[in-house]
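*Asks:*
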Amino acid sequence: MSVTAVCILLGGVWAWPWQVLGWPGSTLGHRGLTQVLTPSPSQTFIFTDSLDEGLQERLGPHLVVTNCSAEHSHPALSCKMAAEFDAFLASGFRWVLLGLWGRGVASMSLSPTHLAPLPSPSQRLVQFWFATGGAGFCINRKLALRMAPWASGSHFVDTSALIRLPDDCTVGYIVECKLGGRLRPSPLFHSHLETLQLLGAAQLLEQVTLSYGVFEGKLNVIKLPGPFSPEEDPSRFRSLHCLLYPDTPWCPQLVVQ
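Numbering (mature numbering (1 follows the signal peptide of the UniProt record, and there is no 0)), first residue to last: -15 to -1, 1 to 242.
1) What residues match up with residue 205 in a beta bridge as DSSP calls it?
2) On the three-state DSSP scale, how would you describe residue 262?
3) Hey, how far is the Cα of residue 114 from the Cα of residue 177?
4) Within the continuous alpha helix (DSSP H) that includes residue 49, where are the two ends?
5) For residue 116, which residues in the same chain have their Cβ closer than 7 Å to its Cβ, ignoring the five residues on either side in sequence?
6) Looking at the secondary structure, which residues open and close the alpha helix (DSSP H) in which residue 148 lies?
7) Determine, using beta carbons only, whether residue 188 and residue 175 come nearer to each other than 8 Å.
8) What are the boundary residues of the alpha helix (DSSP H) that residue 230 is part of?
9) Taking residue 210 as part of the alpha helix (DSSP H), name the residues at either end of that continuous run.
10) Any heavy atom of the ligand SAH closer than 7 Å to the beta-carbon of residue 132?
11) By the three-class DSSP mapping on this structure, what secondary structure does residue 184 have?
12) Considering only their Cβ atoms, is the gap separating residue 33 from residue 48 smaller than 8 Å?
13) Spatial neighbours of residue 248 within its chain, please: C-beta separation below 7 Å, excluding the five flanking residues on both sides.
14) If we count the other Cβ atoms within 10 Å of its Cβ and call it buried at 16 or more, is residue 208 buried or exposed?
15) By the DSSP assignment, the alpha helix (DSSP H) with residue 63 in it spans what residues?
16) Quick check: the Cα distance between residue 234 and residue 201, rounded to an integer number of angstroms?
17) Taking only three categories from DSSP, how would you classify residue 114?
18) Drop a sphere of 10 angstroms on the beta-carbon of residue 37, count the other beta-carbons inside from all chains shown, and report buried for 16 or more, exposed for fewer.
Here it is, written out as structure tokens:
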């Protein structure tokens, strides 16, 4: 069973969601996920393919079971995205930050060009930014409502099948090709496919999403000296939380001699 997404729903005016962290893949498993989950439970929703009793006990209605296939196929990924999109529409919140599990590249690094099949025999070349879930992306309610004819219910899976592209590309296609909008790239969203050690400690305070992963047997994580050891905190997210919120009860307190 795999967790597929972490969604942060924001109700007021957009502010830097310091505790919004992106998790790429199941490196630490569900046990690790529960250890690094620090955002407000009232704003955080976990989407999963099938029920996990441990997460259900902790999260209650904030654990959403999609009943989608656990495969890494276009239909399965689009099924998950459709569930996340519909949950946002039903929530009443004004913004959503989607951090998808196990895929994505830096949100500044790629503007793909695709030949998108159309219902008619003709084809045309369309170019658009895609909404990379591995680093995270944000949409607001006004945009989501405009996307609904192609993204709500079964429409998202249908749109993905029509253009023969996965879920993150489908989001970009709907926003840019169907609605004439523009996804705004940001260097503040970070995927596990980046070299995360290049981010300095001062830069970490400015980022919207961060990530972690394993490449060729080596952890790819942000570089922080503490307060937790790499064995205690392999993702470095707990250490980052204490850097941002040093008064948190479970953060080690410095003793002044």
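From the three backbone atoms N, C-alpha and C, an ideal C-beta is built for every residue, glycine too. Being a predicted model, the structure only gives us computed values, none of them experimental.
*Replies:* Well, looking at it:
1) The residue you call residue 205 lines up with position 220 of the sequence shown. Under DSSP, residue 205 takes part in a beta bridge, and its partners are 198.
2) Since the first and last residues shown for the chain are -15 and 242, residue 262 lies out of range.
3) Residue 114 sits at position 129 when you count from the first residue of the sequence shown. Residue 177 sits at position 192 when you count from the first residue of the sequence shown. Approximately 19 Å between the Cα atoms of the pair.
4) Here residue 49 refers to the residue found at position 64 of the sequence shown. Looking at the DSSP string, residue 49 is not in any alpha helix (DSSP H); the run it does join, the beta strand (DSSP E), is 48 to 50.
5) Within the sequence shown, the letter at position 131 stands for residue 116. The answer, listed in chain order, is 122, 153, 156, 157, 168.
6) Here residue 148 refers to the residue found at position 163 of the sequence shown. Its alpha helix (DSSP H) spans residues 140 to 148.
7) Along the sequence shown, read from residue 1 onward, the residue named residue 188 stands at position 203. Along the sequence shown, read from residue 1 onward, the residue named residue 175 stands at position 190. No, the pair does not count as a contact, with Cβ atoms beyond the cut-off.
8) Translated into positions along the sequence shown, residue 230 becomes position 245. DSSP places residue 230 outside any alpha helix (DSSP H), giving it a letter other than H or E.
9) Start at 1 with the first residue of the sequence shown, and residue 210 comes out as number 225. That residue, residue 210, is in no alpha helix (DSSP H); it is neither H nor E in DSSP.
10) This structure lacks the ligand SAH, and indeed carries no ligand of any kind.
11) Taking the first residue of the sequence shown as 1, we reach residue 184 at position 199. In the structure shown, the three-state DSSP call for residue 184 is coil.
12) Here residue 48 is taken as the residue at index 63 of the sequence shown, counted from 1. Here residue 33 is taken as the residue at index 48 of the sequence shown, counted from 1. Yes, these two residues count as a Cβ contact at 8 Å.
13) Any question about residue 248 goes unanswered here, given that the chain covers just -15 to 242.
14) For this step, residue 208 is matched to residue 223 along the sequence shown. Exposed, since its Cβ has fewer than 16 Cβ neighbours within 10 Å.
15) On the sequence shown, position 78 is the one that residue 63 refers to. In this chain, the alpha helix (DSSP H) harbouring residue 63 covers 59 to 76.
16) On the sequence shown, position 249 is the one that residue 234 refers to. On the sequence shown, position 216 is the one that residue 201 refers to. One C-alpha to the other measures close to 36 Å.
17) For the purposes of this step, residue 114 is taken as the residue at position 129 of the sequence shown. The answer is coil: DSSP assigns residue 114 none of H, G, I, E or B.
18) Here residue 37 refers to the residue found at position 52 when the sequence shown is read from its first residue. Buried.
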